[in-house]
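In what follows, a single structure is set out as structure tokens and then discussed.
Protein chains: 2
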Amino acid sequence: MDLQEAETGERRPETLGEEVFGRILELIYSTELAPGMVVNESVLATRFGVSRGPVREAIRRLQGIQLVSREPFLRARVVSLSAQAILELFQMREALEGYACRLAAQRMSEAEIDALIADLEAAHSGQPPPEAARFDFHERVVRASGNNRIIDSLCGDLYHLLRIYRRISGAVPERKELAFTEHWQILRAIKMRDGALAESLMRSHVERAGRHVLAQVPETPSPAATDAEKRAS
Amino acid sequence: MDLQEAETGERRPETLGEEVFGRILELIYSTELAPGMVVNESVLATRFGVSRGPVREAIRRLQGIQLVSREPFLRARVVSLSAQAILELFQMREALEGYACRLAAQRMSEAEIDALIADLEAAHSGQPPPEAARFDFHERVVRASGNNRIIDSLCGDLYHLLRIYRRISGAVPERKELAFTEHWQILRAIKMRDGALAESLMRSHVERAGRHVLAQVPETPSPAATDAEKRAS
DNA sequence: TCCTTCAAAACTGTTGACACATTTTCAACC
DNA sequence: GGTTGAAAATGTGTCAACAGTTTTGAAGGA
Numbered sequence: 001m002d003l004q005e006a007e008t009g010e011r012r013p014e015t016l017g018e019e020v021f022g023r024i025l026e027l028i029y030s031t032e033l034a035p036g037m038v039v040n041e042s043v044l045a046t047r048f049g050v051s052r053g054p055v056r057e058a059i060r061r062l063q064g065i066q067l068v069s070r071e072p073f074l075r076a077r078v079v080s081l082s083a084q085a086i087l088e089l090f091q092m093r094e095a096l097e098g099y100a101c102r103l104a105a106q107r108m109s110e111a112e113i114d115a116l117i118a119d120l121e122a123a124h125s126g127q128p129p130p131e132a133a134r135f136d137f138h139e140r141v142v143r144a145s146g147n148n149r150i151i152d153s154l155c156g157d158l159y160h161l162l163r164i165y166r167r168i169s170g171a172v173p174e175r176k177e178l179a180f181t182e183h184w185q186i187l188r189a190i191k192m193r194d195g196a197l198a199e200s201l202m203r204s205h206v207e208r209a210g211r212h213v214l215a216q217v218p219e220t221p222s223p224a225a226t227d228a229e230k231r232a233s
Numbered sequence: 001m002d003l004q005e006a007e008t009g010e011r012r013p014e015t016l017g018e019e020v021f022g023r024i025l026e027l028i029y030s031t032e033l034a035p036g037m038v039v040n041e042s043v044l045a046t047r048f049g050v051s052r053g054p055v056r057e058a059i060r061r062l063q064g065i066q067l068v069s070r071e072p073f074l075r076a077r078v079v080s081l082s083a084q085a086i087l088e089l090f091q092m093r094e095a096l097e098g099y100a101c102r103l104a105a106q107r108m109s110e111a112e113i114d115a116l117i118a119d120l121e122a123a124h125s126g127q128p129p130p131e132a133a134r135f136d137f138h139e140r141v142v143r144a145s146g147n148n149r150i151i152d153s154l155c156g157d158l159y160h161l162l163r164i165y166r167r168i169s170g171a172v173p174e175r176k177e178l179a180f181t182e183h184w185q186i187l188r189a190i191k192m193r194d195g196a197l198a199e200s201l202m203r204s205h206v207e208r209a210g211r212h213v214l215a216q217v218p219e220t221p222s223p224a225a226t227d228a229e230k231r232a233s
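Here the protein sequences come in this chain order: G and W.
Residues in the first sequence are numbered from 1 upward in steps of one, following UniProt numbering.
Residues in the second sequence are numbered from 1 upward in steps of one, following UniProt numbering.
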């Protein structure tokens with residue numbers, strides 16, 4: 001289980017801090033570290049076979065992207081988003097993805113647009129892709145905006161938070177069909193170079209998605225906070 | 001110069017990491033650590049009379065909010081924004097502050113709006129306030145949006161970056177007059193509860209401010225990068 | 001003179017130990 | 001039986017030393 005030995009293939013020297021960061025992220029995604037649970041430095045350090053330094057660094061980085069909350073001498077915990085916080089998260093997505101969509105309508109080349117349309121339809125009609133190269137419409141549009149700051153914010157920090165709560169709303173067939181239609185309309189607006197329309201459509205789409213997630217998570221202020229203590233020991 | 005001794009007044013236990021973070025921030029604001037200059041862990045540690053641990057933590061936090069750039073084993077440097085990066089920064093502000101403005105138009109009470117109008121006019125007609133309680137129109141509007149995630153992003157991370165480059169465009173009388181007019185128009189739209197108009201006006205206003213900053217910083221890919229080495233030694 | 005090579009210097013990454021704060025335990029006391 | 005308060009236990013904050021990597025700069029060759 002040692003980290004050093006796991007690094008067999010030669011690649012450019014990655015620090016332990018980076019590695020541990022990714023490992024903890026996986027623990028959070030897999031709900032082994034569920035929202036509300038405590039993130040213990042020593043426990044993780046011994047588990048990964050490293051000292052507390054790199055673990056501490058990784059946790060601080062997770063704090064930076066708001067995945068764990070913490071105050072000076074208190075224990076760190078995986079964030080447990082309230083309904084209010086989820087609403088705010090999707091509002092921020094509305095603002096940023098809407099604007100990114102407007103930029104994309106201005107900057108994408110005809111070829112890029114056509115390629116994106118083709119990929120969208122292929123992903124919809126074809127069988128589910130091999131997960132490795134999954135088609136992510138939102139990420140594609142955001143990256144097409146060309147604004148690296150917005151790209152980093154949406155595909156970095158916010159994406160991690162969304163991913164925790166995406167599992168909830170995933171795999172609902174009817175929603176999937178509706179999403180395809182909305183995605184297709186957005187691309188149509190981009191192809192027409194109507195930035196304002198594209199932005200408006202994207203906002204509506206994100207807002208709808210947000211409402212859907214909120215409906216699935218009606219009232220769970222800190223679901224795993226209590227029994228988390230048990231499992232941590 | 002020791003940090004422990006400087007902390008004479010009793011307050012709740014703040015960690016050295018927090019303290020050092022603030023100190024380095026001040027060094028960056030005062031241009032003692034100018035864009036492009038190296039941020040050396042050991043040097044700062046001895047300067048502040050602490051070990052490298054807290055300094056390292058503070059630097060990592062500065063990396064998190066994108067004020068210093070760094071790769072694994074390379075030296076950390078204060079970011080030196082390119083024209084492209086400044087453009088992207090203001091675009092993100094457009095998206096976020098515009099949306100915040102729309103939210104503010106929906107959520108502010110009549111009393112809050114009137115108070116904000118009064119403060120705006122007082123700050124404009126009256127003599128420059130005592131700096132401590134400076135009137136910041138943008139921050140007031142953003143906080144009025146009620147979206148904590150957007151508030152943290154704009155008043156936290158982005159604000160630090162803007163502040164470094166705000167010095168450049170500050171104290172230009174004609175710009176100041178124009179800004180007041182634009183601020184006043186935005187508030188008028190908010191009072192009319194016209195969120196779409198308020199958002200549109202705020203976007204134009206931010207974009208104009210961005211162009212103004214860009215005009216002052218035409219071509220300086222890394223101005224202090226070269227002579228920074230000298231001063232660092 | 002310029003480029004290459006290679007060792008010393010400087011710096012960052014990592015570690016284990018120690019100091020301090022918080023939480024929990026548990027016994028004395030109302 | 002419930003409450004209070006001190007001490008143990010747990011966990012975070014800080015430090016100094018060591019290890020690995022990058023940079024520096026001087027010697028050697030074309």
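Backbone N, C-alpha and C fix where the C-beta goes; we use that ideal spot for every residue, glycine too.
Please read all numbers here as calculations on a predicted model, not as lab measurements.
Per DSSP, the continuous beta strand (DSSP E) segment holding V78(W) begins and ends at 76 to 78. Measuring C-alpha to C-alpha distances from A144(W) to each of A123(W), R134(W), A115(W) identifies A115(W) as the nearest. Pairwise C-beta distances place the region 80 to 87 of chain G out of contact with the region 73 to 87 of chain W, as fewer than three of them are shorter than 8 Å.
A straight line joining the alpha-carbon of N147(G) with that of S153(G) spans about 10 Å. Listed in chain order, the non-local C-beta contacts of E41(W) below 6 Å within the same chain comprise R52, V55, R56, local neighbours out to five positions each way being set aside.
Pairing L120(W) with W184(W) gives a Cβ-Cβ distance under 8 Å. Here the alpha carbons of Q91(W) and V39(W) stand approximately 28 Å from one another. Proximity of chain W to M202(G) at the Cβ level (cut-off 9 Å) is not reached, the minimal Cβ distance being about 12 Å.
In this structure, A34(W) places its C-beta atom within 8 Å of the C-beta atom of V78(W). Assignment of alpha helix (DSSP H) within the region 159 to 207 of chain W, counting only whole runs of 4 or more residues, yields 159 to 169, 173 to 191 in chain order. Distance from the CA atom of A209(W) to the CA atom of Y165(W), rounded to whole angstroms, is 11 Å. For the UniProt domain "HTH gntR-type" (14 to 82) of chain W, the set of positions with a beta-carbon nearer than 9 Å to some beta-carbon of chain G reads E14, T15, G17, E18, G53, R56, E57, R60, R61, Q63, G64, I65, Q66, P72, F73 in chain order. Chain order gives the chain G residues near I150(W) as E88, Q91, M92, A95, where near means a beta carbon separation below 8 Å. Against chain W, the beta carbon of Y159(G) has no neighbour under 8 Å; the closest one sits roughly 14 Å away.
Between A118(W) and F135(W), the gap from beta carbon to beta carbon reaches 8 Å or more. Chain-order list of chain G residues neighbouring Y165(W): empty, with the shortest C-beta distance near 14 Å, by a criterion of under 9 Å. Bridge pairing for V39(G): A76(G) [DSSP]. Annotated three-state conformation of V142(G) is helix, per DSSP. When C-alpha distances from R75(G) are compared across E110(G), G36(G), F48(G), the shortest belongs to G36(G). Residue pairing by DSSP places V68(W) opposite V78(W) in a beta bridge. If you look at R134(W), you'll find it isn't in any alpha helix (DSSP H); DSSP assigns it neither H nor E.
Exclusion of the five residues before and after G17(W) leaves P54, E57, A58 as the residues of its chain whose Cβ lies within less than 6 Å of its Cβ. Distance from the Cα of G64(G) is smallest, within the candidate group F21(G), M202(G), V141(G), I113(G), for F21(G). Of the residues F73(G), F137(G), E71(G), the one whose Cα lies closest to the Cα of E97(G) is F137(G). The Cβ atoms of R149(W) and L201(G) do not sit closer than 8 Å to each other. Here DSSP, grouped into helix, strand and coil, assigns T46(G) to helix. For I190(W), the closest of Y99(W), Y29(W), E174(W) by C-alpha to C-alpha distance is Y99(W). When secondary structure is reduced to three states using DSSP, M108(W) falls in the coil class, being assigned neither helix nor strand.
Under the three-state reduction of DSSP output, E26(W) falls in the helix class. Across the set A95(G), R140(G), R93(G), the C-alpha of R140(G) shows the shortest separation from the C-alpha of E112(G).
Judged by beta-carbon spacing, E207(W) lies beyond the 8 Å limit of C101(W), meaning their Cβ atoms are not closer than that value.
Per the C-alpha coordinates, the member of E182(G), D194(G), R175(G), R193(G) positioned closest to V213(G) is R175(G). Per the coordinates, the alpha-carbon of Y159(G) lies some 11 Å from the alpha-carbon of Q66(G).
Ranked by Cα distance from L178(G), the first of S204(G), A196(G), D194(G) is S204(G).
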